[in-house]
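Asker: Supplied in structure tokens, the structure appears directly below.
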Amino acid sequence: MKKSLHSPNSIEELMLRAESMAGLTLGQLANFHEIQIPKDLKRHKGWVGQLIELELGALAGSKPEQDFAHLGIELKTIPVSALGKVLETTYVTVAPLTNIQGLTWEESVVCHKLQQILWIPVQGDRDIPLSLRQIGSPILWRPSAEESAQLKQDWEEIMEFISMGQVDKVTARHGEVLQLRPKAANSQVLTDSIGRDGKLTQTNPRGFYLKTQFTQRILSQLL
DNA sequence: ACATGATCATGC
DNA sequence: GCATGATCATGT
1 MKKSLHSPNS
11 IEELMLRAES
21 MAGLTLGQLA
31 NFHEIQIPKD
41 LKRHKGWVGQ
51 LIELELGALA
61 GSKPEQDFAH
71 LGIELKTIPV
81 SALGKVLETT
91 YVTVAPLTNI
101 QGLTWEESVV
111 CHKLQQILWI
121 PVQGDRDIPL
131 SLRQIGSPIL
141 WRPSAEESAQ
151 LKQDWEEIME
161 FISMGQVDKV
171 TARHGEVLQL
181 RPKAANSQVL
191 TDSIGRDGKL
201 TQTNPRGFYL
211 KTQFTQRILS
221 QLL
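Under UniProt numbering, read the first sequence as residues 1 to 223, first letter to last.
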């Protein structure tokens, strides 16, 4: 994947570039950037996101920062069906499993990443060839007071389990809008976590994800 | 049909 | 291993 050269200097510029993508297919965008189009996403799960980053001038890399840190904006592509239905949960960030004493929602990485998101809907039905899938209109979102409250409540409940050494008791069913799920190369991967009596143990790494119904409401409500 | 738990690629 | 980008694929 090529590195983008220009990053937008303002939210207005970013939104104009995002709006100008609407209606284009992934094939058109890939051809423009001279990027190879995979047969499907089975072994290229991040391909769509990377392509959109390239077009919008996001600063690539594995930094734990927002995509447009200078604008305070996180970029997320979101697969939707032909009927506009959200098809996948949205990964937010890795969950901290140690050194979390005193950590508050307001200080959390989840809260920071969700301050402002630029959603780019992309057709995600698997029966549409990747190159023919169309990009939708961008949606700039900031959580409402109600949404923030929901997110905070879920986060605090989940973090309580983690801090009590009960991370293995948390399933994706916990949380109304925010959930905790495995986030690793596979289920054998281990990382430090809080165990019995506050001692360190190891467990499969977890990530925070937004549930589809929550994301669905964001997209529907703003369309 | 759908969400949960598992997984894939890449850079450092 | 951790952080980025996510979707896959099976169980319910």
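We put the beta carbon where it would ideally sit given N, CA and C, even for glycine.
Report yes if the C-beta distance between Ala30 and Ser163 is below 8 Å; otherwise report no.
Answerer: Working through the first sequence from its first residue, we reach residue 30 at position 30. Working through the first sequence from its first residue, we reach residue 163 at position 163. Taking 8 Å as the Cβ cut-off, Ala30 and Ser163 do not qualify as a contacting pair.
Asker: Tell me which same chain residues have a C-beta within less than 8 Å of the C-beta of Pro38, skipping the five on either side of it?
Answerer: Indexing the first sequence from 1 puts residue 38 at position 38. The residues are His44, Trp47 and Leu130.
Asker: Give me whichever residues DSSP pairs with Thr212 in a beta bridge.
Answerer: Counting from one through the first sequence, the residue named residue 212 turns up at place 212. BP columns for Thr212 are empty, so no partner.
Asker: Indicate the three-state DSSP secondary structure (helix, strand or coil) for Val86 in the structure shown.
Answerer: Here the question's residue 86 lines up with position 86 in the first sequence. Reduced to three states, the DSSP call for Val86 is strand.
Asker: Can you say whether Gly72 is buried or exposed, counting buried as having 16 or more other CB atoms within 10 angstroms of its CB?
Answerer: The residue given as residue 72 occupies position 72 in the first sequence. Exposed: under 16 other Cβ atoms inside 10 Å.
Asker: Using CA atoms only, rank isn't needed, just tell me which of Lys152, Leu54 and Tyr209 is closest to Ser7.
Answerer: As a position in the first sequence, residue 7 is number 7, starting the count at 1. Ranking Lys152, Leu54 and Tyr209 by Cα distance to Ser7 puts Leu54 first.
Asker: For the alpha helix (DSSP H) containing Glu157, name the first residue and the last one.
Answerer: For the purposes of this step, residue 157 is taken as residue 157 along the first sequence, with counting starting at 1. First-last of the alpha helix (DSSP H) with Glu157: Ala145 to Ser163.
Asker: Please work out which residues of its chain come closer than 8 Å, Cβ to Cβ, to Val80, disregarding the five sequence neighbours upstream and downstream, and give them in chain order.
Answerer: Along the first sequence, one-based indexing puts residue 80 at 80. The residues are Val86, Leu87, Pro121, Val122, Gln123, Gly124, Gly136 and Leu219.
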